[in-house]
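Quick notes on the structure that follows.
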Amino acid sequence: MSARIDDGTAAVAEWFDGRSDAALLLVLAVGLYALFTGVSLVLGYDLGGIVNTLRRITFLSAIYAMLVLALNLQWGYTGLFNLGVAGFMAVGVYTMGMLSTAPTTNPPGLGLPLPIGILGGVLAAGLVGAVASLPALRLRGDYLAIVTLAFSEIVRLTYRSPVFETFSVAGLSLGTGGSTGMSLPTNPIRMLFYENPQAVTSPPSAFGEAVFGTFEALGVRAPVVEGMAYAIALLFVVAGVYVLLRRVGNSPFGRVLKAIREDETVAGALGKDTRLFKVKVFALGCGLMGLAAILWRIGGLASTEDFRPITTFYVFVALIIGGAGSNTGSVVGGAVFASLLFEGPNFVRRVVTQYVDIGIGQTPNTIFEAVGPLASLDVTPLLAYTISDVNVSALRLVLLGVVLIYLIQNRPEGLLGHRTETAASVDLSERPGGEDR
Amino acid sequence: MATSTETNTVVAFVRERAALIALGLFLAFLVADLFRKLGTGALTAASLAGFVKDGTVLGLSLGLAGIGLAMTYSILNFANFAHGDYITVGGVVGWITAFLVAGSGSANVEQLVLLRASSRTLGISVTTAPVAIVLGLIVSVVVTAGLALLIDRLVFRPMRGQRGIALLIASVGVALAVRYLLVFVLQTGPRGLTAGQVTPSWDLPVGGGTVTVTAHELTLAVLAVALMLGTHVLLRYTTFGTAMRAMADNEDLAQVSGIPTERVIRTTWLLGAGLTGAAGFLIALERGALTTSFGWQLLLLVFAAVILGGIGSVYGAMVGGLVIGLASRLSVVWLPESFIIAAAFVVMIVMLLVRPKGLLGGVTTV
Chain A
74 MSARIDDGTA AVAEWFDGRS DAALLLVLAV GLYALFTGVS LVLGYDLGGI
124 VNTLRRITFL SAIYAMLVLA LNLQWGYTGL FNLGVAGFMA VGVYTMGMLS
174 TAPTTNPPGL GLPLPIGILG GVLAAGLVGA VASLPALRLR GDYLAIVTLA
224 FSEIVRLTYR SPVFETFSVA GLSLGTGGST GMSLPTNPIR MLFYENPQAV
274 TSPPSAFGEA VFGTFEALGV RAPVVEGMAY AIALLFVVAG VYVLLRRVGN
324 SPFGRVLKAI REDETVAGAL GKDTRLFKVK VFALGCGLMG LAAILWRIGG
374 LASTEDFRPI TTFYVFVALI IGGAGSNTGS VVGGAVFASL LFEGPNFVRR
424 VVTQYVDIGI GQTPNTIFEA VGPLASLDVT PLLAYTISDV NVSALRLVLL
474 GVVLIYLIQN RPEGLLGHRT ETAASVDLSE RPGGEDR
Chain B
485 MATSTETNTV VAFVRERAAL IALGLFLAFL VADLFRKLGT GALTAASLAG
535 FVKDGTVLGL SLGLAGIGLA MTYSILNFAN FAHGDYITVG GVVGWITAFL
585 VAGSGSANVE QLVLLRASSR TLGISVTTAP VAIVLGLIVS VVVTAGLALL
635 IDRLVFRPMR GQRGIALLIA SVGVALAVRY LLVFVLQTGP RGLTAGQVTP
685 SWDLPVGGGT VTVTAHELTL AVLAVALMLG THVLLRYTTF GTAMRAMADN
735 EDLAQVSGIP TERVIRTTWL LGAGLTGAAG FLIALERGAL TTSFGWQLLL
785 LVFAAVILGG IGSVYGAMVG GLVIGLASRL SVVWLPESFI IAAAFVVMIV
835 MLLVRPKGLL GGVTTV
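Protein sequence lines correspond, in order, to chains A and B. The numbering of the first sequence is our numbering, which starts it at 74 and goes up by one. The numbering of the second sequence is our numbering, which starts it at 485 and goes up by one.
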């Protein structure tokens, strides 16, 4: 069984090898869309439901792709093991929220324009990343992991603390909302569709009315259209981040990063101030994590519950699936993780509920009630228990753990990580004219 | 000339230890401020003693929970993120046993196994149900050790010799799988374990007020110290202890000297995880309640204790535990209560910056 899975992953990886990255991503997108359209049809969704499913998949894939790309810069390129992803995300979101929510809401913000808020959030996350990287200059891998994890918990506990629920600085009142969280500014995509994007009850603009009218006729409601438009916009942001990181990776700066990963002493001996490079990488990567988190939560609620260490582990699993060191792999990993591992189990649950008649109120409350009927060969109660809402969430995390162990044991390089670019700018495996000398 | 050289030496000394000196000054300031607060009556002696007691109890819990982590860290060279969930497993299986023993006949078995039976009705405490407590402790040790061996066989053994980071990632996978399997079986939500009304406690008079010490705090403290001393004797005076220390220093050298490294690793897991299980059981006893994630929530503090003491040092884990416990509880004197945990993490980070080898750095495994 295991050998067969091994052959399977190897075959998939080999197949990936022969294709260009663009074709690969296209095939992946088409494949995932086809899969989830199929599942939606099985569930009997109408067009609105199908589009909504695809919206959610696209949205989560884009967010995780961005987070994984940022983490890949730190771990894949530079070898810095940052377990504080969730903390830097929180810094981005909360800073944006405190800068841009209206002073009249509870908790109050400064009411600055959204672009300033987003820029401020990204810069704050980057700055905090730079500060947090100072220990990174001294510590070896596992210490760094523990320190960054502790750091992210300090950030989370600080935002959660009642002390900062509302506070004032220089006469301006601000707040994080403590354990209840803070509501964030409305989604900027509303500017496309509404006359007054800030107001929830705003009438649609002329363009919005035309678009909504067209889709309404097909059975896709306005919020779904809005969400899909936002998810598509996020794909462009992912493309932007991808291009940025590829340019960084191929620049002289990026070659130093790879050199640090391969052998820091050598990089240092060649006259590179490796510490400065690490600080810059932390700042850039954490800034991007802040950006991804802002785009994730905007238009909704910022809550410290979203920034528990488990969020960091999600990003790591996604990176390991894709393969550390490869930007295309990061995008693949983000999409595969978000759609199959993160959302997949919920769809399995829905499909099973559709086809197995459990009966209303018949779901067992305890494992005993679920396992007991097995004696009379009745598996329905166990199935019902397994696919209940809370237990699917628990089993999803068990699955995540098992996948993580399986990958790290059998395919630590992930789907695309074996293509890790070398530190040299020219291909050292072929030495043109080497024999002539 | 001579004076200038001397000045240079002093300057160099200060520069080299700037961080350490700054830290020392900061600590001195805190101590002075503490006395000022005691003097002005902003802080009573009784509440200070209460903080110190709470800190000591937390510190001993962390130290006890940290020994197992320090042992595997020194032998296998990786930070085991599943350690927190071994603590939880110890607490859960131990308390299921204690519930079954104490409640047999009087309560529904399913309710007992799921830890849902009313702790008030069961009335467990060290004095009212000593047999249940002792059996629970034994089962927690045995089951946690067995689980650690099984996981080592399935997950870590195939990865021997790999980098610490790869093992760390695998241990995160183990942590998730173990914790959420427990959630699948038990469901979430806190469980009350002991009955407060039958637990003996003593009010000790301190400077005009009183400090309450419960029998369960005392049990934890006594057993923690005893287990730590036992571990020390074991590591210091037995062949296994020598072999383990040799492996921690240099695994290849140990192997060519004829030390059966695989067997030492197994024994280390057995011993380390056994202690961890006991720690989980005793911490749950002292707190009187548990959740399926209490070990995970303790993990970072345990790491803090182990790192503070110097990774791989068993004494270090104890000293580090006490420092972290006291620092986090005493932080309440200056900081709002919501920063108790954060304060402990700050202490760990500062410590890593100032003295990366830990308080007892340089000493390994002894």
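Ideal Cβ positions, reconstructed from N, Cα and C, are used throughout, including at glycine.
Q. Using the beta-carbon of each residue, which ones in chain A are nearer than 9 Å to P820 of chain B?
A. In the second sequence, the residue the question calls residue 820 of chain B occupies position 336. Chain order gives the chain A residues near P820 of chain B as S234, P235 and V236, where near means a beta carbon separation below 9 Å.
Q: Please work out which residues of its chain come closer than 6 Å, Cβ to Cβ, to G565 of chain B, disregarding the five sequence neighbours upstream and downstream, and give them in chain order.
A: The sequence position of residue 565 of chain B within the second sequence is 81, counting from 1. Sequence inspection shows Phe at residue 565 of chain B; the Gly mentioned does not correspond to that position. Contacts found: S655, V656 and A659.
Q) Is it the case that the Cβ atoms of D774 of chain B and G575 of chain B are separated by a distance below 8 Å? A) For the purposes of this step, residue 774 of chain B is taken as residue 290 along the second sequence, with counting starting at 1. For the purposes of this step, residue 575 of chain B is taken as residue 91 along the second sequence, with counting starting at 1. One point to set straight first is that residue 774 of chain B is Leu, not Asp, in the sequence displayed. In this structure, G575 of chain B lies closer than 8 Å to L774 of chain B by Cβ.
(Q) Pairs of beta-carbons, one from the region 458-477 of chain A and one from the region 413-420 of chain A, closer than 8 Å: are there three or more? (A) Taking 8 Å as the limit for Cβ pairs, the verdict is that the region 413-420 of chain A does touch the region 458-477 of chain A.
(Q) Out of B:L806, B:V803 and B:A828, which one is the CA nearest neighbour of S815 of chain B? (A) Your numbering for residue 815 of chain B matches position 331 in the second sequence. Selected option, being the one with the closest Cα: B:A828.
Q) Are the C-beta of E299 of chain A and some C-beta of chain B separated by less than 8 Å? A) Mapped onto the first sequence, residue 299 of chain A falls at position 226. By this cut-off, E299 of chain A is not an interface position.
Q. In chain order, which continuous runs of the alpha helix (DSSP H) of length 4 or greater are located wholly inside the region 312-381 of chain A?
A. If you keep only unbroken alpha helix (DSSP H) runs of at least 4 residues inside the region 312-381 of chain A, you get 325-335, 337-342 and 347-370.
Q.
Let's see if you can read the secondary structure: which residues bound the alpha helix (DSSP H) around W686 of chain B?
A. Locating residue 686 of chain B in the second sequence gives position 202, counting from the first residue. Taken as a continuous stretch (DSSP letters only), W686 of chain B belongs to no alpha helix (DSSP H), being part of the beta strand (DSSP E) at S685 to V690.
Q.
Using the three-state DSSP reduction, which class does G568 of chain B fall into: helix, strand or coil?
A. Taking the second sequence and counting its residues from 1, the one referred to as residue 568 of chain B is at position 84. In the structure shown, G568 of chain B sits in a helix (DSSP, three-state: H, G or I).
(Q) Can you confirm whether E337 of chain A, when its beta carbon is compared against all beta carbons of chain B, has any partner nearer than 8 Å? (A) Numbered from 1 along the first sequence, position 264 holds the residue referred to as residue 337 of chain A. At a cut-off of 8 Å between beta-carbon atoms, E337 of chain A makes no contact with chain B.
Q. Under the rule that 16 or more other beta-carbon atoms within 10 Å means buried, what is N400 of chain A, buried or exposed?
A. Position 327 of the first sequence holds residue 400 of chain A. It is buried - the Cβ of N400 of chain A has at least 16 other Cβ atoms within 10 Å.
(Q) I want to see whether chain A comes within less than 8 Å of F778 of chain B, judged by CB atoms only; does it? (A) Within the second sequence, residue 778 of chain B is the residue found at index 294, counting from 1. Answer no: the Cβ-Cβ gap between F778 of chain B and chain A never drops below 8 Å.
Q. Mind checking if V669 of chain B is an interface residue toward chain A, Cβ cutoff 8 Å exclusive?
A. Within the second sequence, the letter at position 185 stands for residue 669 of chain B. Closer than 8 Å: yes.
(Q) Using DSSP's beta-bridge definition, name the partner residues of G693 of chain B. (A) Here residue 693 of chain B corresponds to residue number 209 of the second sequence, with the count starting at 1. Answer by DSSP bridge pairing, in chain order: B:V690.
Q: Give the range of the alpha helix (DSSP H) segment to which R668 of chain B is assigned.
A: Within the second sequence, numbered from 1, the residue matching residue 668 of chain B stands at position 184. Note that residue 668 of chain B is Phe in the sequence shown, not Arg. Annotation for F668 of chain B: the continuous alpha helix (DSSP H) segment containing it runs G648 to L670.
Q) Looking at the structure shown, is G435 of chain B part of a helix, part of a strand, or coil, going by DSSP? A) Nothing about residue 435 of chain B can be reported from this structure: the residues present for chain B run from 485 to 850 only.
Q. By Cβ distance below 8 Å, which residues in the same chain neighbour V425 of chain A in space, the five residues on each side in sequence not counted?
A. For the purposes of this step, residue 425 of chain A is identified with residue 352 of the first sequence, where counting begins at 1. L456 and I460.
Q | Endpoints, the beta strand (DSSP E) within which L245 of chain A is located | A | Taking the first sequence and counting its residues from 1, the one referred to as residue 245 of chain A is at position 172. Membership of L245 of chain A in the beta strand (DSSP E) is indicated by the continuous run L245 to L247.
Q) So is W818 of chain B buried or exposed if we call it buried at 16+ other beta carbons inside 10 Å? A) Along the second sequence, one-based indexing puts residue 818 of chain B at 334. Exposed: under 16 other Cβ atoms inside 10 Å.
Q: Answer yes or no: does any C-beta atom of chain A fall closer than 8 Å to that of L598 of chain B?
A: Translated into the one-based positions of the second sequence, residue 598 of chain B becomes position 114. Yes, L598 of chain B counts as interfacial toward chain A.
Q) Taking 8 Å as the CB-CB cut-off, is I833 of chain B touching chain A? A) As a first step, residue 833 of chain B is located in the second sequence; it is residue number 349 there, counting from the start. Closer than 8 Å: yes.
Q) Does F147 of chain A come within less than 8 Å of chain B when only Cβ atoms are used? A) On the first sequence, position 74 is the one that residue 147 of chain A refers to. The sequence shown places Gln at residue 147 of chain A, not Phe. Judged by the 8 Å Cβ criterion, Q147 of chain A is not in contact with chain B.
Q. Do the region 675-693 of chain B and the region 598-613 of chain B meet, that is, are 3 or more Cβ pairs less than 8 Å apart?
A. Touching, yes.
Q) Run through DSSP, which three-state label would L704 of chain B get? A) To locate residue 704 of chain B, count along the second sequence from 1; it is residue 220. Helix at L704 of chain B.
Q) In terms of residues, what are the limits of the alpha helix (DSSP H) holding V228 of chain A? A) In the first sequence, residue 228 of chain A corresponds to position 155, counting from 1. In the DSSP annotation of this structure, the continuous segment of the alpha helix (DSSP H) that includes V228 of chain A starts and ends at G214 to R233.
Q.
Using a 10 Å radius around the Cβ and a threshold of 16 neighbouring Cβ atoms, would you call M74 of chain A buried or exposed?
A. Position 1 of the first sequence, counted from the first residue, corresponds to residue 74 of chain A. Low per-residue confidence applies at M74 of chain A: pLDDT is 47, beneath 50, and the placement is therefore not dependable, though the value from the model is reported in the following sentence. By the 16-neighbour rule on beta-carbons within 10 angstroms, M74 of chain A is exposed.
Q: Classify Q427 of chain A as buried or exposed, calling it buried when 16 or more other Cβ atoms lie within 10 Å of its own Cβ.
A: Residue numbering aside, residue 427 of chain A sits at position 354 when the first sequence is read from its first letter. Q427 of chain A is classed as exposed because its beta carbon has fewer than 16 other beta carbons within 10 Å across all chains shown.
Q: Identify the contact partners of D451 of chain A in chain B, using a Cβ-Cβ distance below 9 Å as the criterion.
A: One-based indexing of the first sequence puts residue 451 of chain A at position 378. Going along chain B, no residue has its Cβ under 9 Å from D451 of chain A, so there is no contact; the nearest lies around 18 Å.
Q | The alpha helix (DSSP H) enclosing S624 of chain B, as first and last residue numbers | A | Reading the second sequence from its first residue, position 140 is the one you call residue 624 of chain B. Here the alpha helix (DSSP H) through S624 of chain B covers P614 to I635.
Q: Identify the continuous beta strand (DSSP E) that holds V242 of chain A and give its terminal residues.
A: Residue mapping note: residue 242 of chain A aligns to position 169 of the first sequence, counting from 1. For V242 of chain A, the enclosing beta strand (DSSP E) stretches over residues F240 to V242.
Q.
At a CB distance below 9 Å, what residues from the region 165-180 of chain A approach chain B? Give them in sequence order.
A. Correct list: empty, as no residue qualifies.
Q) Terminal residues of the continuous alpha helix (DSSP H) containing R484 of chain A? A) Residue numbering aside, residue 484 of chain A sits at position 411 when the first sequence is read from its first letter. Under the DSSP assignment, R484 of chain A falls outside any alpha helix (DSSP H); it carries neither an H nor an E label.
Q) Mind listing which residues of the region 219-233 of chain A have their C-beta closer than 8 Å to chain B's C-betas, in chain order? A) Residues passing the 8 Å Cβ filter: I219, V220, L222, A223, F224, E226, I227, L230, T231 and R233.
(Q) Any beta carbon from chain A within less than 8 Å of P689 of chain B's own beta carbon? (A) Translated into the one-based positions of the second sequence, residue 689 of chain B becomes position 205. Against chain A, the CB of P689 of chain B has no partner CB under 8 Å away; the residue lies outside that interface.
Q: Scan the region 406-464 of chain A and note each continuous beta strand (DSSP E) run of 3 residues or more that stays entirely inside, going in chain order.
A: For the region 406-464 of chain A, there is no continuous beta strand (DSSP E) assignment of 3+ residues that stays within its boundaries.
**Q.** Nearest-angstrom Cα separation, counted from V329 of chain A out to R510 of chain A
**A.** On the first sequence, residue 510 of chain A is found 437 positions in, with the first residue counted as 1. On the first sequence, residue 329 of chain A is found 256 positions in, with the first residue counted as 1. Per-residue confidence for R510 of chain A stands at a pLDDT of 40, beneath the threshold of 50, marking its modelled position as unreliable; no derived number is given.
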